[in-house]
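Undergrad: Here the protein sequences line up with chains A and B, keeping their order. Under our numbering, the first residue of the first sequence is numbered 1, with each subsequent residue one higher. Under our numbering, the first residue of the second sequence is numbered 460, with each subsequent residue one higher. Where is the CB? At the ideal position from N, CA and C, for every residue including glycine.
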Amino acid sequence: MATSTSSLPAPARSSSLADSLRDAGTAALLVLVLGFFFLGVRTDIAPGGLTLTFRWGLLISAVAVVFAGRLALNLFVFKAKQPVTGRMAGILEGTDLSGLGKWLSRILLAFAIVLPFFFTVFFPDRDRQYIDLAILIMTYIMLGWGLNIVVGLAGLLDLGYVAFYAVGAYSFALLAQNFGFGFWMALPLAGLLAAFWGVILGFPVLRLRGDYLAIVTLAFGEIVRIVLLNWYQFTGGPDGISGIPRPTLLGLEFSRGDDGFAAFFGLQYDSIHRYIYLYYIIFILAIITNVVTMRLRRLPIGRAWEALREDEIACRSLGINTTNTKLTAFAIGAMFGGFAGSFFATRQGFISPESFTFLESAIILAIVVLGGLGSQIGVVIASVVMIGGIEMLRNLGFLSQIFGPGFDPTQYRMLIFGLAMVMIMVWKPRGLISTREPTVVLKEKKRIGADMVAQGEGH
Amino acid sequence: MSANGQALLSVRKVETYYGKIVALRGVDVDVDRGEIVTLIGANGAGKSTLMMTICGNPQARAGQIIYDGQDITNMPTHEIMRLGIAQSPEGRRIFGRMTVMENLQMGASLVAEEHFDEDLRRVYDLFPRLKERAGQRGGTLSGGEQQMLAIARALMGRPKLLLLDEPSLGLAPLIVKQIFEVIAELNRNDGLTVFLVEQNAFHALKLAHRGYVMVNGNITMSGPGRELLKKEEVRAAYLEGGRH
């Protein structure tokens, strides 16, 4: 698929540089004129009335940015023989990420296992921050994998996945608050409760597909959040629930006391121990999610999910009970969401409905879609890029030197998100990893590219 | 029309509606054990509706469908399929992103695992092309191969009754011939009972033991296939000026 730019008529070659310069100059002049009032002049309220301040630096940098940007676009895209965007598309399409997949996943797995020690050794002064970020990314990987069962395998577009995350988190928080449950006791219960709610959601939407299903699941997510927000006596409403117990290691708490983890093993107390422990909990939970999913894919139920995604009527005519198939997809997907939710609660120690907004659902879905529906390694890459990317924005403080002290790069994360989404969907409409590994192999492995199938088929 | 009263499938006065629109107006059809029965008719006559009604999707609003002595009129689709009926639905409906092998596995999901290899060999013998394409994605097969896959997938369920909905749709004459030969072979060698819905009246009537003609939701004619083929009304309506 070529991008639309490559089909533009190519202008005469001879004066392309001069043309580009002239065009860039015009654009810069426009910015100078328009920007003079918007950027160059600023009014401030002073004792004697308004005073004008001139911000020449800002104006000139805006003009320079536009000039350089327009020139670059002219040279490489608009007037170039072979637009760079076309080549980009070529690169994105040409790279066989899936062939890389096996090795990449092994390397990533090995890195994930040693990650906390890697950071404590190489970044001793910022290790807590990095491990915390790794925990966050790992949580989203797990959520992505959980949602992948529903959206990627069974083809049921679920916009309310965060509801199960919330159910898991609140299950643990309430069990701890009211009955003194610890994390490990509450974890299976939280998963079961989330699965139960998955079935509850599943029943009314059994007959729905595509857009209609998406709307109902969206509403379901909002209902759960609004109930949590308004049922003050039970959930604490907007105040949330605090004092959620931390996870223990075989009864050992990660505290400074004499019966804590550090004292028991004769180590110097360090709060990093708890972070490392949390990291390994979510790492193992995520790995379990992955292993279970991969295993299920090879079992009749997993194949039935995929067949359901492809063609529901054909499924029924082969004697598959589509009701049960859909409900198990919802339930199992929700269960992993619930596990992740109760991990979230124990990690934060405090939860409120604010953490479970539609935006969370959207981010998890974006991770699944960007990674490539049904692709496990794609979810990992997308999580690292998206969640890690947002965090990276926080470290771009130097940009405020250019754009003024009030500039906060994190404010632009949605903009960048959107841009990334559009670019991926233009160049890789089926996500980063758009191939699907067959579950049975006869003699040799043949990859199945999804790009030749009509888009949107089976959703 | 049942000749000897041991009908495997009998459809009695079945009426089916899509909302308020009537699609079948009291249809009677019998399929005996070991028979190939075909149902021909024009576009929109209700042929596919009858086939889908037998499968319980949509369910008949009136009348009765008896399969192997059991009333299946109001059973859900997946339970009907468990009784030994397999369907190759209209438009093939193979699983496009799954491999040929996986498609066949889906067909065998109701059958004990120990039969899988044997059944697989059998359908590969019937359709050697599928064996060559085993690892290939269903969506990349040609139309004829997809139809073979749809039939093979249905056969993997070890059916007693095979329902085929327009297997000749959009296929080259040579492929149609090939597929019809396979159907005849299955019937002859394995005694498989086949109910075939077709627009390609000539081939279908030649193949079938008995045939029914459907017009506007009613059965208007029935009889042995070759006799129907000779009838003037059938020739005029479905054969002249088209096909073979």
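Using only alpha-carbon positions, find the residue among A:LEU143, A:ILE281, A:PRO245 and A:VAL380 that is nearest to A:ARG106.
TA: A:VAL380
Undergrad: Between which two residues does the alpha helix (DSSP H) holding B:ILE553 run?
TA: Where B:ILE553 is concerned, there is no enclosing alpha helix (DSSP H), because DSSP gives it neither an H nor an E.
Undergrad: When the Cα of A:LEU193 is compared with those of A:TYR212, A:ASP259 and A:GLY168, which residue comes out closest?
TA: A:GLY168
Undergrad: With DSSP as the reference, label B:ALA696 as helix, strand or coil.
TA: Residue state for B:ALA696 is assigned as helix, using DSSP reduced to three classes.
Undergrad: Distance, Cα to Cα, B:GLY704 vs A:MET185?
TA: With chain B represented from 460 up to 703, any question about residue 704 of chain B goes unanswered, as that position is not in the structure.
Undergrad: Decide if B:SER547 is buried, meaning its Cβ has at least 16 other Cβ atoms within 10 Å, or exposed.
TA: buried
Undergrad: Looking at chain B, is there any beta carbon in it that lies within less than 8 Å of the beta carbon of A:THR439?
TA: So, interface residue.
Undergrad: Using DSSP's beta-bridge definition, name the partner residues of A:LEU50.
TA: A:ILE45
Undergrad: Tell me the residue span of the beta strand (DSSP E) that contains B:ASN677.
TA: 677-683
Undergrad: Run the CB neighbour count on A:MET452, radius 10 Å, all protein chains shown included, and call it buried at 16 or more, exposed below.
TA: Note that A:MET452 has pLDDT 40, beneath the 50 cutoff, so the model's placement of it is unreliable and the number below is only indicative. The residue is exposed, with fewer than 16 neighbouring Cβ atoms inside 10 Å.
Undergrad: Name the DSSP bridge partner or partners of B:GLY670?
TA: B:THR497 and B:GLY682
Undergrad: Between which two residues does the alpha helix (DSSP H) containing B:SER507 stretch?
TA: 506-513
Undergrad: Once you ignore the five residues that flank A:ARG347 on each side, which residues in its own chain have a CB closer than 7 Å to its CB?
TA: ILE135 and LEU278
Undergrad: Might you give, ordered along the chain, the residues of its own chain that have their beta carbon closer than 8 Å to the beta carbon of B:GLY485, omitting 5 neighbours on each side?
TA: Cβ within range, chain order: LYS472, VAL473, GLU474, ALA521, GLY522 and ASN677.
Undergrad: Along chain A, in chain order, which residues have C-beta atoms closer than 7 Å to that of B:ARG541?
TA: Under the 7 Å cutoff, chain A gives GLY319.
Undergrad: Under 6 Å Cβ to Cβ from A:LEU327, same chain only, skipping five residues before and after it: list those, please.
TA: By the criterion of a C-beta distance shorter than 6 Å, A:LEU327 is surrounded in its chain by VAL199 and GLY202, once the five residues flanking it on both sides are discounted.
Undergrad: Would you list, in chain order, the members of the stretch 560-571 of chain B that have their beta-carbon closer than 7 Å to a beta-carbon of chain A?
TA: MET560, GLU561, GLN564, MET565, GLY566, SER568 and LEU569
Undergrad: List in chain order: all unbroken alpha helix (DSSP H) runs of 4+ residues lying wholly within the stretch 550-630 of chain B.
TA: 559-566, 575-585, 587-591 and 602-614
Undergrad: So A:ILE313 contacts chain B; which residues on that side make the cut at Cβ distance below 8 Å?
TA: ASN516, PRO548 and ARG552
Undergrad: Using only CA atoms, which one of A:LEU415, A:LEU370, A:LEU21 and A:LEU39 lies nearest to A:LEU469?
TA: The shown model of chain A, from 1 to 459, leaves out residue 469 of chain A, and the question about it has no answer.
Undergrad: Determine the burial state of A:ALA18: buried for a count of at least 16 other Cβ atoms within 10 Å of its Cβ, exposed for fewer.
TA: exposed
Undergrad: According to DSSP, is B:VAL635 helix, strand or coil?
TA: helix
Undergrad: Using a Cβ-Cβ cut-off of 6 Å (strictly less than) and excluding sequence neighbours within five positions of A:PHE336, which residues of its own chain qualify?
TA: GLY146 and THR289
Undergrad: Nearest CA to the CA of A:VAL384: which residue from A:PRO124, A:ASN74, A:LEU133 and A:LEU39?
TA: A:LEU133
Undergrad: Grouping DSSP H, G and I as helix and E and B as strand, with all else coil, what is B:HIS703?
TA: With a pLDDT of only 39 at B:HIS703, under 50, the local geometry of the prediction cannot be trusted, and the value read off the model is given with reservation. In this structure, B:HIS703 counts as coil in the three-state DSSP scheme.
Undergrad: When you compare each of B:ASP576, B:GLN595, B:GLY603 and B:LEU563 to B:ALA631 by their alpha carbons, which one comes out closest?
TA: B:GLY603
Undergrad: Is A:ALA307 close to chain B, meaning its C-beta is less than 8 Å from at least one C-beta of that chain?
TA: yes
Undergrad: State the beta-bridge partners of B:ILE524 as determined by DSSP.
TA: Per DSSP, B:VAL470.
Undergrad: Anything in chain A within Cβ reach of B:HIS537, meaning under 8 Å, just list it in chain order.
TA: ARG316, GLY319, ILE320, ASN321 and THR322
Undergrad: So A:PRO238 and A:SER352 are supposed to be a Cβ contact under 8 Å. How far apart are they, rounded?
TA: 6 Å
Undergrad: Verify whether the separation of the beta carbon atoms of A:GLU312 and B:PHE554 is less than 8 Å.
TA: no
Undergrad: Going along chain A in order, which residues have a C-beta closer than 7 Å to the C-beta of B:ARG492?
TA: Chain A residues near B:ARG492: none, gap ~21 Å exceeds 7 Å.
Undergrad: Are the beta-carbon atoms of A:GLY378 and A:LEU419 separated by less than 8 Å?
TA: no
Undergrad: Is B:TYR476 helix, strand or coil by DSSP?
TA: strand
Undergrad: Using alpha carbons as the reference points, say which of B:ALA613, B:ALA696 and B:THR652 lies closest to B:GLN658.
TA: Ranking the options by Cα distance to B:GLN658, first place goes to B:ALA696.
Undergrad: Going by beta carbon distance, what residues of the same chain come within less than 7 Å of B:ALA482, once the five residues before and after it are set aside?
TA: THR475, TYR476, GLY505, THR508 and GLY676
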